[in-house]
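Everything below concerns the one structure shown next.
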Amino acid sequence: MEKLIITAAICGMGGTKEDNPAIPYTIEELALEAKAAFDAGASVIHMHVRNDDGSVSFDKARYQAAVDAVEAACPGVIIIQPADGGAVDWETLENYKEGDPVKLPEMFTLPTGTCNWGGDGAYINEECDVFKRAGILKRLGIVPDLESFDKGMIDTIIKGNNIGLFEHPAHFDFILGVQMAANVRDLTFLSSSLPHWATFTATGIGPDAWHIAASAILLGGHVRVGFEDSMFLEKGVMAKSNGELVEKVATLAKLLGREIATPDEARKILGIIK
Ligand code: ZN
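Residue numbers in the sequence shown follow my numbering, run continuously in steps of one, and reach 381 at the last position.
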């Protein structure tokens, strides 16, 4: 089986130091958390950035400073920038011209559809926007991280592929336990619904992290773990760092017979290096 890519989502937009003192706020803390995850086997870091008081930062310069610090701490690591709150936004990418003083990311999150967070919260991503953004990333040679919350989002990407919007392989990022249940049956359904030109990473939110990680390893997919999705090593045991969460995935992989991919091996699997 292909080597396993471990993505560490080291800091989300929710959760505070009251929930877990290890949630990184400062750029130094972010770099330390990234390094702990990297040293434990993560080849990809997905991150959001906070202000020093813990509030979510949308400052592009601060994000770029975080990227620089993480790259210095984790030589060769792949960074996935989020669609909101990164060093670049859709407008910057759309208007990007050769020679602009903007460092383009290797991977960028492309939400593939609309998701209900629960209650009155929804994350609206209309198909026209998904396709327009896919076209922008393709033009710039940035690999999309196809953030998907249910099976219909796979179908949307297949539809976009039919009009030439994606390079192959395409890489899905299944987030389970939000709009679609996080269980082995549903992850098997998703992975068996993928076209031959796609790979996937999966994460289960909260207590669903570990059976989704084990299932993704067995199904030949890849695993995302980290404070953005889950903070517990097991029931009642809070992880002291993202490194501990990544280490548990690496241990599962070893037990189940999957080797861990280095960043450059991950680049080949993800199509960043052809
Ligand atoms: Zn995120």
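The C-beta atom is built at its ideal place from N, Cα and C for all residues, glycine as well.
Residues that DSSP places opposite residue i in a beta bridge
i: residue 305; result: 277
i: residue 218; result: 254
i: residue 114; result: 151 and 331
i: residue 84; result: What is shown of the chain runs 108 to 381, which leaves residue 84 out entirely.
i: residue 177; result: Residue 177 is not bridged to any residue.
i: residue 188; result: 215
i: residue 223; result: 229
i: residue 163; result: 157
i: residue 341; result: 344
Option in the options with minimal Cα separation from residue i
i: residue 366; options: 327, 183 and 174; result: 327
i: residue 116; options: 364, 265 and 156; result: 156
i: residue 145; options: 235, 161, 136 and 184; result: 184
i: residue 140; options: 280, 258, 324 and 346; result: 346
i: residue 228; options: 322, 285 and 172; result: 285
i: residue 298; options: 324, 193, 187 and 312; result: 324
i: residue 393; options: 342, 136, 301 and 133; result: Summary: the structure shown does not reach residue 393, with the chain confined to residues 108 through 381, and so no result is reported for it.
i: residue 165; options: 329, 119 and 336; result: 119
i: residue 172; options: 208, 149, 197 and 135; result: 135
i: residue 225; options: 234, 256, 169 and 243; result: 256
i: residue 220; options: 152, 150, 282 and 210; result: 282
i: residue 318; options: 340, 149, 198 and 373; result: 340
i: residue 99; options: 147, 231, 211 and 138; result: No answer is possible for residue 99: it lies beyond the span of the chain, which begins at 108 and ends at 381.
i: residue 375; options: 277, 350, 222 and 354; result: 277
i: residue 133; options: 169, 280 and 153; result: 169
i: residue 262; options: 247, 336, 237 and 122; result: 237
i: residue 381; options: 348, 329, 208 and 248; result: 248
i: residue 137; options: 233, 231 and 154; result: 154
i: residue 121; options: 235, 231 and 336; result: 336
Residue burial classification, residue i (beta-carbon count within 10 angstroms, cutoff 16)
i: residue 240; result: buried
i: residue 370; result: buried
i: residue 398; result: Examination of residue 398 is not possible in this model, given that the chain is present from 108 through 381 alone.
i: residue 316; result: buried
i: residue 292; result: exposed
i: residue 142; result: buried
i: residue 264; result: buried
i: residue 333; result: buried
i: residue 275; result: exposed
i: residue 202; result: exposed
i: residue 151; result: buried
i: residue 300; result: exposed
i: residue 354; result: buried
i: residue 252; result: buried
Spatial distance of residue i from residue j (CA atoms)
i: residue 163; j: residue 195; result: 16 Å
i: residue 294; j: residue 181; result: 31 Å
i: residue 290; j: residue 167; result: 37 Å
i: residue 305; j: residue 273; result: 10 Å
i: residue 250; j: residue 159; result: 30 Å
i: residue 111; j: residue 259; result: 26 Å
i: residue 307; j: residue 215; result: 15 Å
i: residue 189; j: residue 205; result: 22 Å
i: residue 124; j: residue 271; result: 44 Å
i: residue 368; j: residue 288; result: 28 Å
i: residue 379; j: residue 213; result: 7 Å
i: residue 303; j: residue 268; result: 12 Å
i: residue 108; j: residue 364; result: 9 Å
i: residue 218; j: residue 254; result: 5 Å
i: residue 130; j: residue 192; result: 17 Å
i: residue 338; j: residue 352; result: 8 Å
i: residue 161; j: residue 187; result: 21 Å
i: residue 127; j: residue 243; result: 37 Å
i: residue 266; j: residue 377; result: 20 Å
i: residue 50; j: residue 246; result: In the structure as shown, the chain begins at 108 and stops at 381. Residue 50 is therefore absent and cannot be evaluated.
i: residue 320; j: residue 311; result: 7 Å
i: residue 344; j: residue 350; result: 14 Å
i: residue 199; j: residue 222; result: 25 Å
i: residue 235; j: residue 197; result: 14 Å
i: residue 280; j: residue 372; result: 18 Å
Distance cut-off 7 Å: residue i Cβ against heavy atoms of the ligand HEM
i: residue 189; result: In terms of ligand content, the structure shown lacks the ligand HEM and carries the ligand ZN instead.
**OP:** Check whether the stretch 352-362 touches the stretch 177-189, taking contact to mean three or more Cβ pairs, one atom from each stretch, closer than 8 Å.
**Re:** no
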